[in-house]
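Okay, so the sequence shown: first residue is 39 according to the numbering used here, each after it adds one. Ideal Cβ positions, reconstructed from N, Cα and C, are used throughout, including at glycine.
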Amino acid sequence: MMKERVLDINNKIKLACERVGRDPSDVTLIAVSKTKPIEMIEEAYELGLRHFGENKVQELVKKHNDLDEKYGDSIRFHQIGHLQRNKVKQVIDKAVLIHSVDSLRLGKMIEQEASKKDMVCDILIQLNIAEEDSKYGVSEKELLPLFMELIKFPHIRVRGLMAIAPYVTDSEKNRAYFKKMRQIFIDIKYKNIDNKLENTYFNPDCFDILSMGMSGDYEVAVEEGATMVRIGTGVFGERNYSNTSKI
Ligand SMILES: *Cc1c(COP(=O)(O)O)cnc(C)c1O
């Protein structure tokens, strides 16, 4: 039952926070609803969930539109999957946050479309923390140069970092990656970039999101500082497709 699963996840997040002295309200559960029908999103909403993650633009837009009348702004969709430049225009005002920005070309397109709509778009930079060929995201070396360019755009607000850790059966194996993510996040936040550089729109107070941890490893991610966990299988049960494409 979804109800038991959601209660269990919320409880585990709370316990993980207690172990390290964090406030559970600082962690947002994003229910990853990709491939799942609208009815299951409604069921999750009734259980109190408000944030949903999708990896395909078409699916996000359809679900957003289908549920807009019923829930309005109270339901929030996150673009967590790889984003192609030609899809930016469709998703930019439907997703509350784009987790997967990993190139300047994509950033330029987001700036252009956000500017046209006279809005500021919240984004995260996706880091390929374990440098896996099967994952999108920038390398640690590419991160700062990309960040320094993205913060020059007036219609983009860089809110933090996202990573997809390796698929492991023992979540402890990902602890070092989560620790490293948090360290990189802190380094950027307190670099005093806003003081050093003129003409940037970076606000360290708004650099406050660390999106990491999935069904198999979210407890460890929370212990290591995640502020958003993206949980699909854990909330909705197994997906009936095998995704072999790059994520
Ligand atoms: C599918 C997906 C998730 C959720 O995966 P689960 O293992 O089902 O929790 C999280 N993040 C991204 C980017 C995904 O594509």
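| query | What are the boundary residues of the beta strand (DSSP E) that includes CYS159? | reply | As a working note, residue 159 is residue 121 in the sequence shown. Segment 159-165, the beta strand (DSSP E) holding CYS159.
| task | Please name the residue in VAL260, LYS154, VAL139, GLU84 whose C-alpha comes closest to that of SER112. | result | Locating residue 112 in the sequence shown gives position 74, counting from the first residue. Checking every option, the nearest Cα to that of SER112 belongs to GLU84.
| task | For GLU262, decide whether its Cβ has a neighbour in chain B, counting only Cβ atoms nearer than 8 Å. | result | In summary, chain B is missing from the structure at hand, where a single protein chain is found.
| query | Under 8 Å, do ILE68 and HIS102 count as touching if we go by C-beta distance? | reply | Sequence index remark: in the sequence shown, residue 68 carries index 30 (1-based). Sequence index remark: in the sequence shown, residue 102 carries index 64 (1-based). Not closer than 8 Å, so no.
| query | Roughly how many angstroms lie between the CA atoms of VAL44 and GLY91, to the nearest whole one? | reply | By one-based count along the sequence shown, residue 44 stands at place 6. By one-based count along the sequence shown, residue 91 stands at place 53. Their Cα atoms are separated by approximately 15 Å.
| ARG268, DSSP secondary structure in three states | Numbered from 1 along the sequence shown, position 230 holds the residue referred to as residue 268. Secondary structure at ARG268: strand, using DSSP grouped into helix, strand and coil.
| request: Check whether the Cβ atoms of VAL126 and ILE148 sit closer than 8 Å, and answer yes or no. | output: Mapped onto the sequence shown, residue 126 falls at position 88. Mapped onto the sequence shown, residue 148 falls at position 110. A distance below 8 Å separates the beta carbons of VAL126 and ILE148.
| request: In angstroms with no decimal places, state the Cα-to-Cα distance between GLN221 and MET40. | output: As a position in the sequence shown, residue 221 is number 183, starting the count at 1. As a position in the sequence shown, residue 40 is number 2, starting the count at 1. Using only the alpha carbons, I get a separation of about 34 Å.
| request: Report the three-state DSSP secondary structure of HIS102 (helix, strand or coil). | output: Taking the sequence shown and counting its residues from 1, one reaches residue 102 at position 64. Three-state result, HIS102: helix.
| said: Quick check: is any heavy atom of ligand 2 less than 7 Å from the C-beta of LYS72? | reply: This structure does not include ligand 2; its bound ligands are ligand 1.
| said: Quick check: does the Cβ of SER253 come within less than 7 Å of any heavy atom belonging to ligand 1? | reply: Counting from 1 along the sequence shown, the entry for residue 253 is found at position 215. With a cut-off of 7 Å, the C-beta of SER253 is classified as near ligand 1, since at least one heavy atom of the ligand falls inside that distance.
| Taking 7 Å as the cut-off, does the CB of ARG88 come closer than this to any heavy atom belonging to ligand 1? | Stepping through the sequence shown from its first residue, residue 88 is reached at position 50. No, Cβ of ARG88 sits at least 7 Å from all heavy atoms of ligand 1.
| request: Spatial neighbours of ASP104 within its chain, please: CB distance less than 6 Å, with the 5 preceding and 5 following residues excluded, ordered by chain position. | output: Along the sequence shown, one-based indexing puts residue 104 at 66. Excluding sequence neighbours, ASP104 sits near ILE76.
| request: State whether the segment 149-169 contacts the segment 190-203, with contact taken as three or more CB pairs (one from each stretch) at a distance under 8 Å. | output: Between the segment 149-169 and the segment 190-203, the count of C-beta pairs closer than 8 Å reaches three or more; the two stretches touch.
| task | Return the chain-ordered list of same chain residues with a C-beta closer than 8 Å to the C-beta of THR66, the five sequence neighbours on each side being excluded. | result | Residue 66 sits at position 28 when you count from the first residue of the sequence shown. For THR66, the CB contacts under 8 Å within the same chain, skipping 5 residues up- and downstream, are HIS89, THR265, MET266, VAL267 in chain order.
| Based on the DSSP output, what are the partners of GLN117 in its beta bridges? | In the sequence shown, residue 117 corresponds to position 79, counting from 1. Per the DSSP secondary-structure output, GLN117 pairs in a beta bridge with GLU92, ILE136.
| Residue range of the unbroken alpha helix (DSSP H) whose run includes GLY145 | Working through the sequence shown from its first residue, we reach residue 145 at position 107. 142-154 is the extent of the alpha helix (DSSP H) around GLY145.
| task | Out of LEU142, GLY272, MET219, state which residue places its alpha-carbon closest to the alpha-carbon of ALA259. | result | Within the sequence shown, numbered from 1, the residue matching residue 259 stands at position 221. Nearest of LEU142, GLY272, MET219 to ALA259, Cα basis: MET219.
| message | Given the structure, does ASN166 come close to ligand 1, in the sense that its CB is under 7 Å from one of the ligand's heavy atoms? | response | Residue 166 sits at position 128 when you count from the first residue of the sequence shown. Not under cutoff, so the answer is no.
| Cβ of ILE269 versus every heavy atom of ligand 1: is any distance shorter than 7 Å? | Working through the sequence shown from its first residue, we reach residue 269 at position 231. Taken from the Cβ of ILE269, at least one heavy atom of ligand 1 lies inside 7 Å.
| said: Within a Cβ cutoff of 8 Å, which residues of the same chain sit near TYR174, ignoring the five residues on either side of it in sequence? | reply: Residue 174 sits at position 136 when you count from the first residue of the sequence shown. So the qualifying residues of the chain are HIS120, SER138, ASP140, GLN164, ASN166, LYS284, ILE285.
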